[in-house]
Every structure is written in structure tokens, then in C-alpha cells.
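Heads up: the structure comes next, in C-alpha cells.
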Amino acid sequence: MIRTILVQTKRELGAILFSPIAYVLLTCFALLHGFSFTLCVEAMQQGVKNVTIMFIFFNWFFFWFALILFVPILTMRLFSEEFKSGTVEPLLTAPVSEWDVVIAKFTAAFLFYVLLWVPSALFYTIYQFLTGHVTPVQWGPLFLGYAMVLLIGAFYISIGLFASSLTRNQVVAAVLAFAGIALLFFCSFLGFFTVNPQLEELVNYISSLNHMRLFANGTFDSRPVILYLSGAVLFLFLTERALAGRRLKN
Amino acid sequence: MAQKNTRARWRTNHWISIGLVLVIFAAAQFLNYKYFKRTNLSPIDYVKLSELSINVVRDLPGPVTLTAFIAPQGDPLAPLVQSDLLDLLDQYRYNSNGRIEVRRIDPFINFDDARGIVETFKLATNENVVIVEYAERSKVLRLADLAEVDASGEMFGSPPRLVAFKGEREITSAIQQLVRGETKKIYFTSGHGEFNPLAPDNERMSYSLIGSYLRRQNADLFRINLAEQGGVPPDADLVVVAGPRSRFTQGEIDLLRAYFLGEKPGKLLIMLDPETSSGLEDFFAPYGLTFANDLALTRVSMLGQTRILADAIGTTFAAHPAIDWARNLGANLVLGACRSLVLGPPAEGEAAKGTALVRTPESYWGETEKDKEGVQFDEGKDTRGPLTLAAAIEVGAVEGLDVDLAVPKAVAVGGAAFLINENLGTMQVDFAVNVVNWLVGQEDALGIAPKEPTEFKTSLLPEQQEKIALLVLVVVPGLIAIIGVAVWWRRRV
Numbered sequence: 001m002i003r004t005i006l007v008q009t010k011r012e013l014g015a016i017l018f019s020p021i022a023y024v025l026l027t028c029f030a031l032l033h034g035f036s037f038t039l040c041v042e043a044m045q046q047g048v049k050n051v052t053i054m055f056i057f058f059n060w061f062f063f064w065f066a067l068i069l070f071v072p073i074l075t076m077r078l079f080s081e082e083f084k085s086g087t088v089e090p091l092l093t094a095p096v097s098e099w100d101v102v103i104a105k106f107t108a109a110f111l112f113y114v115l116l117w118v119p120s121a122l123f124y125t126i127y128q129f130l131t132g133h134v135t136p137v138q139w140g141p142l143f144l145g146y147a148m149v150l151l152i153g154a155f156y157i158s159i160g161l162f163a164s165s166l167t168r169n170q171v172v173a174a175v176l177a178f179a180g181i182a183l184l185f186f187c188s189f190l191g192f193f194t195v196n197p198q199l200e201e202l203v204n205y206i207s208s209l210n211h212m213r214l215f216a217n218g219t220f221d222s223r224p225v226i227l228y229l230s231g232a233v234l235f236l237f238l239t240e241r242a243l244a245g246r247r248l249k250n
Numbered sequence: 001m002a003q004k005n006t007r008a009r010w011r012t013n014h015w016i017s018i019g020l021v022l023v024i025f026a027a028a029q030f031l032n033y034k035y036f037k038r039t040n041l042s043p044i045d046y047v048k049l050s051e052l053s054i055n056v057v058r059d060l061p062g063p064v065t066l067t068a069f070i071a072p073q074g075d076p077l078a079p080l081v082q083s084d085l086l087d088l089l090d091q092y093r094y095n096s097n098g099r100i101e102v103r104r105i106d107p108f109i110n111f112d113d114a115r116g117i118v119e120t121f122k123l124a125t126n127e128n129v130v131i132v133e134y135a136e137r138s139k140v141l142r143l144a145d146l147a148e149v150d151a152s153g154e155m156f157g158s159p160p161r162l163v164a165f166k167g168e169r170e171i172t173s174a175i176q177q178l179v180r181g182e183t184k185k186i187y188f189t190s191g192h193g194e195f196n197p198l199a200p201d202n203e204r205m206s207y208s209l210i211g212s213y214l215r216r217q218n219a220d221l222f223r224i225n226l227a228e229q230g231g232v233p234p235d236a237d238l239v240v241v242a243g244p245r246s247r248f249t250q251g252e253i254d255l256l257r258a259y260f261l262g263e264k265p266g267k268l269l270i271m272l273d274p275e276t277s278s279g280l281e282d283f284f285a286p287y288g289l290t291f292a293n294d295l296a297l298t299r300v301s302m303l304g305q306t307r308i309l310a311d312a313i314g315t316t317f318a319a320h321p322a323i324d325w326a327r328n329l330g331a332n333l334v335l336g337a338c339r340s341l342v343l344g345p346p347a348e349g350e351a352a353k354g355t356a357l358v359r360t361p362e363s364y365w366g367e368t369e370k371d372k373e374g375v376q377f378d379e380g381k382d383t384r385g386p387l388t389l390a391a392a393i394e395v396g397a398v399e400g401l402d403v404d405l406a407v408p409k410a411v412a413v414g415g416a417a418f419l420i421n422e423n424l425g426t427m428q429v430d431f432a433v434n435v436v437n438w439l440v441g442q443e444d445a446l447g448i449a450p451k452e453p454t455e456f457k458t459s460l461l462p463e464q465q466e467k468i469a470l471l472v473l474v475v476v477p478g479l480i481a482i483i484g485v486a487v488w489w490r491r492r493v
């Protein structure tokens, strides 16, 4: 099974990396984060701050904008394209299970997602190399910040994958994924307006903004880790069920 | 038919499995919410709760509620500390084994809850506070007491800066006091026309409002007639003499002194209005402090006319725990009609540390002949400014040593009417509450030092900034784009 998944993952990753959209995404992502990093440096130049450069980076508008917008674009074609081109039929009739296919596609998308973040991690080295200054970061919070980026990414990618498994139209898949991710993300703001303590607790529990602020501050909390991992597993399961349902229909 | 049945069974199983997984997911989230682990990997102890606080909240005998009543829109201090404060409250909750409940109330959003809190705790409409509640007891901590802010850069356009965060020290101390059931007992002297904190709100010259502010600090207020009761009760944490109009007898002065220098070190707050004689003017003379028999005056120019102003305004504040808040705030403190205080060395054989807490600008002088026509500063007769309006005395303390020793402590103020309901403003309340807090002490949590935020700043040359921008905005994205074009070209051919 693992061998099958590895072969499938390689195939999926190859498909992503050989498509022009991958490089458009990578370039835009690097450009957006480059712009964000420049602004962070500018902000730190303005005066004394009580937060690190990476705390600003991880909590800035551009960070969330990129995350919410790019994940649906990354995942929209994963199943929809296969449905549209008809390549899903041979895939599902081959001696591989739905789970193999789902996990392979998810892993490939996730690896590409990791690749998207590599330039941003390079920025700190560039800063240090050019200025000779130790970058105003702290390694514990930096590590936790990137760990949260990966956890949120895994969860959002699984949502995108599920959306893609529901339709043969890539645009519809992207819109569905965007709606789901945006809905979850904007729930974070409900905490500012609710007067109900229970609802506030719930919102705090699922608020990605809160989680990122906490982790980028250097505080590890097991709750978001379990939430995002179990959420990713749930949506992968739903994706598998969607594929199985499609097979049943046929 | 058989195939149809199989398909139907499969469909049922399909939906049951989805339902089951959703239920398992919900149950897992419930358990995840209830049982979790949290740890701090930041090298800065600024965001960590100290062991002392953890020990206090781990074994609480009953539920404690911490309510953050904060409207960031109305207070420049709130945006600076709100995030740290909420993180801190969250840590209290996490370490309390479910004994601490944290509530966050924004009065601009939670109208009903906010109204209830304002009425219960008699808050001003624009006050940002943290309320600590345990059983029937409560303590209100003002945001200004939880943080030290440097506003000195404001005149150059720099925003105020957080210098130290005292939230943990104050909140842990409040929890300790409430759990132990300790209330500070403050006795106000009576029998000489003093201002009365137990008088009704609508009574003229009442001290009822400042009384309610002191009660919010978990203090019980009493009145005491020294002549009738023959001494200060042994449970007194502080005795306040607030603006007596007639003289204390020598016997009463001796009783006060016996309390002050007693086995349990006494704490005194003596506020004497100008143009009154109470017999207490030289009470602190052995320690180098006396009340002058004058009135603080200054000349002000308004609309081309020069007038004499008898409202004493403090503009210079000492580096002292009782008045640090005002120094950090950089605002003026209006104390109304005041006499000046004279600070000098203690008498021979006495050890005492005196600090001029509040001083006027140099333009003030202490007028000794208030009733004569055309008052002006008379060299040799009047006291030259800047005048000392309030001073602290620590008997037995050593000059230059900033250790909070258990010694007799006192604060003398050259006026008392600034605290009556009609004159009371935010600055006056802050002054009184901070002075009382310093006098009665916060010994419990003194082991928790105020936390200084780590400050980050970059100082790059413009060329360095340009290079960074060039690399991260052009070179890195450009390289990726080139790789993309190369891949596309190779696939094409």
C-alpha cells in the first residue's frame, strides 16, 4: 500500500510541477511574501517594537490573504480535472483503493504547499547575510510559526481536495474550497463581536488567527494541533467517501 | 434484485460510516478542548507565568473569575497591553485546573454585561479594569496599575511605549488576598471636622466617592475618634487624617505616634489643608518633614491679564512606587488649594528616608500672607518654588536603599479638599489609590517582578534596505519564474 501511495504521489507531484500554474503560483507567492517581508522590515525600522519581525510576518494581512487564496487554486484541479478528462475511471478501476488515491493527491499537494513557503524562510537568511545583523527573530517561535503554517495548510488542503472531489468543474471546486476556508477563517472575527461566552470559547477554539498568534508568540498548545490534524483526516475521509459514492453511482 | 439490495445496503453503510466519523470527530474535539497541554518555547519570560503564580492558582479552594473589562477604543493604554493581558489571563485559566474562569467584556459590544459591571463596581464610563472575584469578595485592578508606559516621546510624534507589565504581580496578589479573605482595614480619623468617606454621596464635602474607589481595592473603611477610643485598633492597616479643621489634642497626637512607631509598623496618610491648624504640622518633624503655613500660588497670564492662581498643580514626580504611574503618564496632577511641605534631613538620632513625591513648577511660591493686598513672592518670608506638595517618609529606612522594608511609612499631602466628590477626577483617584496601595503594601506577590518587554529594532542603512527589497522582490521571484519558463519550454519542445 505504501509503495502504491509513493508511486501515486510521485506521479501527482510530477503533474503539479510540470504544469505552468505551479510556477505562476510559486512566483506570485514569493512575490507576495517578498512584498510582505519588505514591509515588515520597514515596520521594524520605524521604531522600537515589542514583537519580532516574524510575528508581524505571520500575523500580517498578506500572510492570510495568500493562504486563503492560494490553497483553493492549488487544489481545484486535483480531482476535477481527472473527472473532466475521464482519467479518473482507469485510476479507480486500477488495483488501487480510493484511500491510496486520496492520500497520494493530498501528499503531493502538501509537498508543493511546503515548497511555496521555502522562499519566505530564505528571506531571514538573506536579511542576515546582507546586513550582518542577527535577524530579530526567536527560533522557538519561528519553528512554531512554521509548524502552524504546515498544520493550517494540511487542513485547508484537505478541504480543497474534498471540494475538488465534488465537481468536475475546476472553477466550482475553487469557489467551494475558497468558501469553506474563508468561512472557517472569518469565524475568527466573530470572537470580537459575540456576547455569548460559550460561542466565544468555540470561536477561540477554531480561530486560526488566535492559533497563529499563540504559536508565533512561542506558545505551544496541543488543541490546534489535534484540531487541524483531525480536521484534515475528516476531510480526507469525506473525500474518500465522495470517490466511493461516485464509483457506486457508476 | 440481489444487486439492487447490495447497492442499497452499500449506500446505507456509506452514509452510516460518514455519520459515525462525524460523531467521532465531534467527540474528539470535545476531549481535545477539555484535556490539552500547553507549554512555552519562547526564550523570553515575559509571556510565561511564574512558579509563584502557578502555585497560587493550582490549588485554589474555590472558583475565581477574572473579568477583563476593556474598551481599546477609549484608552491609549489599552491597545498596548490588551493582547499581553488576555494572554496572561489565559495562562491563569490554563494553570488553574478549571478553577479560574476568564471573561472578556468590551463595553462597546456587551452592553448589558457592561452596564451590570459598571453599576456593581461603580466604574467610570471610560475605565478599563480587570476584576478579580472570589466568593463574595472582589478587587478591581485598573489597567493603569498593570502597566508602566513611557509617553515621553509623544511630543516628538512617537507613540507611547510599554516599559513594564505588572499584570501578573497585581493579579496574583489580588487572588492571594481574596482567597485568604484579607481586607485592608483603613481608619479615617474623626472629631476634628475631617472629610468623611462614609458620608452619603449627596452630602457636601463628602469623601464617599474616593471611599468607594478604596473599597474596590478590597479595603474596609472605618471612622475612629482617637479621644473616645483611646488609640488606634491593632488591626488597622492604615490611618488617614483627611483635612482636619480643628486641633488634635496632645493626647491624640501621642496615640497617633504610638500607633505609627508601634511594634507593628504604622502607616499614616496625613492630608492637611492650607489655612487650617491641626497640631499635626510638625508630626513628622523628627524625620525631616514639616507642613509649612502657607498657600501655594502662581501667576498666570490670561487674555493679556495676569492673575493669581491658587490651584496647586504637580508637574514633577519622583521615581517612587507611589507615584511612578504619574511620572510615566507625563500628565499634570491638580491638587487644588495646597500648602507646601518642607523636606530636610532627619533630626539627630533618627533614621528616615524622605521623598518629594509631587512638586510644582518653579513659578509657584508658598505665600505666607494670604490676606494682604497684592500678594507676591517676598524673599525671606515666602517659600520659593518649586514647592513640594506631597512627600513620603519611611522611618528607619536607609537613604539610597530601595528595599521595601517593614517600617513605619507615611505620606503627607499639603491639601485634602482635592479628594471631595465635587473635585474628584481620574488623576486624583489614581493618586489616592496608588498612595494607599503603597502604604498598605502588596507584600504577598512582591516576589514577582514587573516584566519588561523585549524590544526589537532594526537600524539598516538605506542601501541595505534596497538590497533586501531587490533580492526578495525581484531576484527570488524572478528565479522561480525563470525555472517555470524553462520547464514549460522543455515540455513544449
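Taken in sequence, the protein lines are chains F and U. By the working numbering, the letter at position 111 of the first sequence is numbered 111, and the numbering carries on one by one without gaps. By the working numbering, the letter at position 428 of the second sequence is numbered 428, and the numbering carries on one by one without gaps. Ideal placement from N, C-alpha and C gives every residue a C-beta, glycine not left out. Quick caveat, the model's predicted, so the values are computed rather than measured.
message: I'd like to know whether the C-beta of V487/U is nearer than 8 Å to at least one C-beta of chain F.
response: V487/U has a beta carbon lying within less than 8 Å of a beta carbon in chain F.
query: Do C40/F and W60/F come within 8 Å of each other at the CB atom, strictly closer than that value?
result: Contact: yes.
query: How far does the alpha helix (DSSP H) with R311/F in it reach, from first residue to last?
result: The requested residue 311/F is not part of the displayed model; chain F covers only 1 to 250.
- request: Ignore the nearest five residues each way along the sequence and tell me which others in L146/U's own chain have a CB closer than 6 Å to its CB.
  value: The residues are K166, G167, E170.
- prompt: Taking I103/F as the reference, which of Q8/F, R213/F, N217/F, G218/F has the closest Cα?
  reply: Comparing Cα positions, the closest option is Q8/F.
message: Quick check: the Cα distance between N196/U and V241/U, rounded to an integer number of angstroms?
response: Approximately 10 Å, taken between the alpha carbons.
query: When DSSP builds the beta bridges, which residues end up paired with R204/U?
result: Looking at the DSSP output, R204/U shares a beta bridge with no other residue.
N32/U: contacting residues in chain F (beta-carbon distance under 7 Å): Identification of chain F residues near N32/U by a Cβ-Cβ cut-off of 7 Å yields R223, I226, L227, ordered along the chain.
query: Per DSSP, Y146/F is paired with what?
result: In DSSP, Y146/F forms no bridge with anything.
Beta-carbon gap between I175/U and V132/U smaller than 8 Å: Closer than 8 Å, so yes.
task: Give the single residue among E51/U, A114/U, D84/U, L77/U whose Cα lies nearest to the Cα of S96/U.
output: Of E51/U, A114/U, D84/U, L77/U, the residue nearest in Cα terms is E51/U.
Distance, I224/U Cα to P233/U Cα: Taken atom to atom, the span from the alpha-carbon of P233/U to that of I224/U is near 9 Å.
Proximal residues to L343/U (C-beta, below 7 Å), its chain only, five neighbours per side dropped: Contacts found: G288, L289, G354, A356, T388, A391.
- request: Measure the alpha-carbon distance for I2/F versus E98/F and round it to whole angstroms.
  value: Those two C-alpha atoms are separated by around 13 Å.
query: Which residue spans inside the region 34-81 of chain U form an unbroken alpha helix (DSSP H) run of at least 4?
result: Runs found: 51-58.
message: If contact is defined by three or more beta carbon pairs under 8 Å, each pair taking one atom from either stretch, is the region 165-179 of chain F in contact with the region 69-84 of chain F?
response: Yes, the region 69-84 of chain F touches the region 165-179 of chain F.
- request: Using a Cβ cut-off of 8 Å (strictly closer), state whether L473/U contacts chain F.
  value: Yes, because at least one Cβ of chain F sits closer than 8 Å to the Cβ of L473/U.
query: CA-CA distance, Q198/F and F111/U?
result: Straight-line Cα distance between these residues: approximately 17 Å.
field: Strand pairing of W365/U, partner residues [DSSP]
entry: Beta-bridge pairing links W365/U to L297/U, R384/U.
message: Residues in the same chain with beta-carbon distance under 7 Å from R245/U, minus the five sequence neighbours each way, listed in chain order, please.
response: Correct list, in chain order: H192, G193, T276.
- prompt: Closest Cβ-Cβ distance between A28/U and chain F: below 8 Å?
  reply: Yes, because at least one Cβ of chain F sits closer than 8 Å to the Cβ of A28/U.
CB of L151/F within 8 Å of CB of H14/U, strictly: Not a contact, by the Cβ cut-off of 8 Å.
task: Given a cut-off of 8 Å, decide if T172/U and S53/U are closer than it, judged by their beta-carbon atoms.
output: Cβ atoms of S53/U and T172/U: closer than 8 Å.
query: K37/U CB to nearest chain F CB: under 8 Å?
result: Yes, because at least one Cβ of chain F sits closer than 8 Å to the Cβ of K37/U.
message: By alpha-carbon positions, which one of E422/U, E263/U, Q465/U, Q250/U ends up nearest to G279/U?
response: Closest option to G279/U, Cα to Cα, is Q250/U.
- prompt: Which residue comes first and which comes last in the alpha helix (DSSP H) that contains L37/F?
  reply: Position check: residue 37/F holds Phe in this sequence, whereas Leu was assumed. Residues 20-45.
message: What does DSSP give as the partner residue(s) for N336/U in the beta ladder?
response: The question names Asn, but residue 336/U is Gly in the sequence shown. The partner list for G336/U (beta bridge, DSSP) reads A312/U.
message: Quick check on DSSP: helix, strand or coil for F237/F?
response: Note: F237/F maps to helix in three-state DSSP.
query: Is R247/U helix, strand or coil when you go by DSSP?
result: Residue state, collapsed to three classes: coil.
query: Would you say V435/U reaches chain F, if we count a Cβ-Cβ gap shorter than 8 Å as a contact?
result: Chain F contact via Cβ: absent.
- prompt: Around the Cβ of K381/U, are there at least 16 other Cβ atoms within 10 angstroms (buried) or fewer (exposed)?
  reply: Classification of K381/U: exposed, given that the 10 Å Cβ count is below 16.
Beta-carbon separation (whole angstroms), N217/F vs F55/F, contact threshold 8 Å: Right, the Cβ-Cβ distance comes to about 7 Å (below 8 Å), so this counts as a contact.
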